[in-house]
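Let me begin by presenting the structure, written as structure tokens, before commenting on it.
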Amino acid sequence: MKTVIITGATSGIGLETARILTRQGYFVIGIGHSKENCERAKENILSEKTDAKITYFLADLMQQREVLRVADEIAAYLHTNCNGELYALINNAGCVRSWYTTTDEGYEQQFALNYLAGFLLTHELLPLLQKAGGRVIMTGSESHKGIKVHWDDVMLRHGYNPLTAYKQSKLCNILFAKGLNDRYAASGIRAYVVDPGLVNTDIGNKKTGGLVNFIWALRKRHGVSPTVPAKTYAFLCEQEVAPKGLYYYLCKENTYSKQVTSENADRLFTLSERLCGIHYCMEKMA
Ligand SMILES: NC(=O)c1ccc[n+]([C@@H]2O[C@H](COP(=O)([O-])OP(=O)(O)OC[C@H]3O[C@@H](n4cnc5c(N)ncnc54)[C@H](OP(=O)(O)O)[C@@H]3O)[C@@H](O)[C@H]2O)c1
Numbered sequence: 002m003k004t005v006i007i008t009g010a011t012s013g014i015g016l017e018t019a020r021i022l023t024r025q026g027y028f029v030i031g032i033g034h035s036k037e038n039c040e041r042a043k044e045n046i047l048s049e050k051t052d053a054k055i056t057y058f059l060a061d062l063m064q065q066r067e068v069l070r071v072a073d074e075i076a077a078y079l080h081t082n083c084n085g086e087l088y089a090l091i092n093n094a095g096c097v098r099s100w101y102t103t104t105d106e107g108y109e110q111q112f113a114l115n116y117l118a119g120f121l122l123t124h125e126l127l128p129l130l131q132k133a134g135g136r137v138i139m140t141g142s143e144s145h146k147g148i149k150v151h152w153d154d155v156m157l158r159h160g161y162n163p164l165t166a167y168k169q170s171k172l173c174n175i176l177f178a179k180g181l182n183d184r185y186a187a188s189g190i191r192a193y194v195v196d197p198g199l200v201n202t203d204i205g206n207k208k209t210g211g212l213v214n215f216i217w218a219l220r221k222r223h224g225v226s227p228t229v230p231a232k233t234y235a236f237l238c239e240q241e242v243a244p245k246g247l248y249y250y251l252c253k254e255n256t257y258s259k260q261v262t263s264e265n266a267d268r269l270f271t272l273s274e275r276l277c278g279i280h281y282c283m284e285k286m287a
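The sequence shown lines up with residues 2 to 287 when you count with my numbering.
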């Protein structure tokens, strides 16, 4: 049985992706930051399919020590139960903020959760992915287009704009996927980004206030059901031969920003390694 980890699998896109993948027979490990929401999500999936293979691990992925802890716990679990193999890692957990807020490490929260958590988690689980010739899938957004990485102030400490922070975190996701492919595609790992489109979830109404909260409450009504983007994750998981594209929307390759170059990907890798205190050890191959 193939194992898939999904971060932010308690609601919205992550929950529906967990549902579709369990229906297709995958063993899904969800990660969530609220015990209550994890339990509710698991019950929700099992209520439809009593033999669904699903379990949840608890971690506040905004904090790096929590990412490291849960990665250790999951790795130990996979070594005991799944031959030490991880077929796919879906870095989906995300948030929106209205103001400049930081994690315990002092990192801006949208950057920390939407991008950096996935960078660190992937690093920690890389040996298990390598063993399975696995896939890494990031949840991106069309909003990454029309923005550049603010290299001199990546946390946007000077002049914070919540939308800019969100867009930049999503651009970083694609640069990360590009950097992973440059380094590891030759050794069998492939990375992708799913653009979910506009989806009717509560993301902009959690821990937000003011204008952001108000605008999202209106905007989400025009969004599709999270079951729609869930099909694209399933598509990327179920292909026998790993697809060669990078950015997918509605199960098809799509165009992405011209900012997505190997040069920018390398620059972001170096910066992120420093911010996480780690080093991706394999040499660049392609
Ligand atoms: N909705 C859209 O239109 C849209 C469009 C493009 C991209 N996206 C992206 O899609 C992804 C999923 O978002 P969604 O729209 O499905 O919203 P969502 O329902 O709010 O999903 C976000 C998930 O992340 C979890 N999460 C939040 N903070 C966390 C933390 N500190 N540690 C661990 N998990 C945490 C949430 O858990 P709780 O529910 O327990 O808080 C939830 O499971 C995000 O990356 C988002 O940026 C969404």
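Think of the CB as a built atom: it goes at the ideal place given N, C-alpha and C, for glycine as much as any other residue.
Under the three-state reduction of DSSP, residue 14 is assigned to helix. Here DSSP, grouped into helix, strand and coil, assigns residue 32 to strand. Residue range 191 to 195 is occupied by the beta strand (DSSP E) that includes residue 194. One Cα belongs to residue 84, the other to residue 147, and the distance between them is close to 43 Å.
Residue state for residue 279 is assigned as coil, using DSSP reduced to three classes. Fewer than three pairs of CB atoms, one per stretch, sit closer than 8 Å, so the region 26 to 33 makes no contact with the region 96 to 113. Taking the Cα of residue 14 as reference, the smallest distance to any Cα among 208, 253, 168, 196 is reached at 196.
Taking C-beta atoms as the reference points, residue 237 and residue 158 fail to come closer than 8 Å. Contact annotation: the region 259 to 279 touches the region 179 to 187, with at least three C-beta pairs closer than 8 Å. Two segments are said to touch when three or more pairs of C-beta atoms, one from each, lie closer than 8 Å; by this definition the region 248 to 259 does not touch the region 91 to 104. DSSP places residue 23 within a helical segment (H, G or I) once states are collapsed to three. At the C-beta level, residue 6 and residue 75 come within 8 Å of one another. Going by beta carbons, residue 11 and residue 91 fall outside the 8 Å limit. Per the Cβ contact rule, the region 214 to 223 is not in contact with the region 164 to 174 (fewer than 3 Cβ pairs under 8 Å).
The beta carbon of residue 69 lies closer than 8 Å to those of 121, 125 in the same chain, with the five residues before and after it left out. When 266, 164, 235, 243 are compared, the shortest CA-CA separation from residue 142 is found for 164.
Per DSSP, residue 68 is one residue of the alpha helix (DSSP H) stretching across 65 to 82.
Counted as a single uninterrupted DSSP element, the stretch harbouring residue 249 is not any alpha helix (DSSP H) but the beta strand (DSSP E) occupying residues 248 to 250.
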